[in-house]
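Chains as they are written, first to last, in the numbering used here: chain G, 1 to 120; chain V, 121 to 303.
Just below is one structure, and these are the notes that go with it.
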Amino acid sequence: MTDTDMDEILERWSSQARKGYFEMLLLARLQAGRAYGYQIVASLKQAPGFENLAEGTVYPVLTRMKKDGLVTAEWVAEETGPPRKYYTVTELGARTLDAMTRIWRRMDDVLSAQTGQEPS
Amino acid sequence: MQINVEFETHEARRLWADFLKRLDWSNRHLPSADRSEARDEAIAHMAELLAASPIEDETDKLRDALQRFGPLPAPPPVWRKPLAVALHYLAIMTIGASGLVLLILLHMTVMEAFNPGEVGLYVYPGDGLPTLSYETQSGAREILGAGFIPVMLAIIAAGSAALFGLWRLALAPEGPVSRWMKP
Chain G
1 MTDTDMDEIL
11 ERWSSQARKG
21 YFEMLLLARL
31 QAGRAYGYQI
41 VASLKQAPGF
51 ENLAEGTVYP
61 VLTRMKKDGL
71 VTAEWVAEET
81 GPPRKYYTVT
91 ELGARTLDAM
101 TRIWRRMDDV
111 LSAQTGQEPS
Chain V
121 MQINVEFETH
131 EARRLWADFL
141 KRLDWSNRHL
151 PSADRSEARD
161 EAIAHMAELL
171 AASPIEDETD
181 KLRDALQRFG
191 PLPAPPPVWR
201 KPLAVALHYL
211 AIMTIGASGL
221 VLLILLHMTV
231 MEAFNPGEVG
241 LYVYPGDGLP
251 TLSYETQSGA
261 REILGAGFIP
271 VMLAIIAAGS
281 AALFGLWRLA
291 LAPEGPVSRW
301 MKP
């Protein structure tokens, strides 16, 4: 297997991993305080692996989270510039984030146990 | 809520309209209110991107913002513009049929060189209209005579130029009809 083959496998795998991780990351960002789409994207792009995030992809996920009751959204008119739609985590969203974090940590523990390394 | 972004250049306006059209088409499965909401949210995001961009040229700035927003959704299929499709079809038919006529004229011009006594433009007895023919008939009066070849070549050249113009206008990928057809 060449390095190129491995790169392709890693790209495919990390893309899948990011998808599962994305919703949790959004909830975590909103847990830190309400934010509008552009703001959320700007902070997500600081995270490793999300530098090249296609910014429009955040909105369908936010919409789904809103439908699931994990977040609420509210348009706020701005004095200058376009109105902004602020998202806020609901109580259900906060509990879901806690549960997701526990699952994530458990997976980390399982991986550590398999590899004999300390959890990160 | 209705949000919009204004552009000054034609190209930027075209890109923007194309983006919105693609966006609406990709969200067509959503209920109207949700589709409108998704559109407003995308526009608000694009407005933020444009406002924060250091690029000066309006069109380049929009292209950069669109790239950052993500891969463009697929455009609506071309049959969504029936008038443009009809114009295209009409142009194809006109060019095809007229091209055949020009080929026949070219053939007659060549044949005139080999058979000048028969091929020509005639007015037949009892008929006021001139008729192109490969063979003469008794009593037919030939018009043009030696001028047949240059006149025909001039008609062929003018006709070809007109067809080329029609192709450029209606069928060429960069022509106005094709650009308009682009969903």
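Glycine included, each C-beta is placed from N, C-alpha and C at the ideal position.
The structure displayed is predicted, hence computed values, not measured ones.
{"Asked": "Return the chain-ordered ranges of every beta strand (DSSP E) run that is complete within the region 26-103 of chain G and spans a minimum of 3 residues.", "Found": "71-76 and 84-89"}
{"Asked": "The beta strand (DSSP E) that contains residue 242 of chain V, what's its start and end?", "Found": "240-243"}
{"Asked": "Mind checking if residue 45 of chain G is an interface residue toward chain V, Cβ cutoff 7 Å exclusive?", "Found": "no"}
{"Asked": "Along chain G, in chain order, which residues have C-beta atoms closer than 8 Å to that of residue 212 of chain V?", "Found": "Result: empty, since nearest Cβ-Cβ is about 37 Å, beyond 8 Å."}
{"Asked": "By the DSSP assignment, the alpha helix (DSSP H) with residue 156 of chain V in it spans what residues?", "Found": "152-172"}
{"Asked": "Closest to residue 207 of chain V by C-alpha separation, out of V/256, V/286 and V/294, would be which residue?", "Found": "V/286"}
{"Asked": "Checking 7 Å against the spacing of the C-beta atoms, do residue 90 of chain G and residue 72 of chain G come in under that value?", "Found": "yes"}
{"Asked": "Going by beta carbon distance, what residues of the same chain come within less than 7 Å of residue 289 of chain V, once the five residues before and after it are set aside?", "Found": "295, 296 and 297"}
{"Asked": "Relative to chain V, which residues along the region 80-95 of chain G have a C-beta separation below 7 Å, given in chain order?", "Found": "81, 82, 83, 84 and 85"}
{"Asked": "Between residue 74 of chain G and the rest of its own chain, which residues show a CB-CB distance below 8 Å, the 5 nearest in sequence each way excluded?", "Found": "85, 86 and 88"}
{"Asked": "Going straight from the alpha carbon of residue 246 of chain V to that of residue 280 of chain V, what length do you get?", "Found": "33 Å"}
{"Asked": "For chain G, check one thing: does any of its Cβ atoms lie closer than 7 Å to the Cβ of residue 161 of chain V?", "Found": "yes"}
{"Asked": "Pull up the distance between the alpha-carbon of residue 25 of chain G and that of residue 44 of chain G, whole angstroms please.", "Found": "8 Å"}
{"Asked": "So, does the CB of residue 165 of chain V fall closer than 7 Å to a CB anywhere in chain G?", "Found": "yes"}
{"Asked": "Using only the alpha-carbon positions, how far apart do residue 34 of chain G and residue 94 of chain G sit?", "Found": "13 Å"}
{"Asked": "Using the C-alpha atoms, what's the distance from residue 277 of chain V back to residue 168 of chain V?", "Found": "55 Å"}
{"Asked": "Return the first residue and the last residue of the alpha helix (DSSP H) that residue 146 of chain V is part of.", "Found": "130-146"}
{"Asked": "Nearest CA to the CA of residue 60 of chain G: which residue from G/5, G/37, G/105 and G/76?", "Found": "G/37"}
{"Asked": "Going straight from the alpha carbon of residue 56 of chain G to that of residue 275 of chain V, what length do you get?", "Found": "56 Å"}
{"Asked": "Are there three or more Cβ pairs, one per stretch, closer than 8 Å when the region 156-170 of chain V is compared with the region 179-197 of chain V?", "Found": "yes"}
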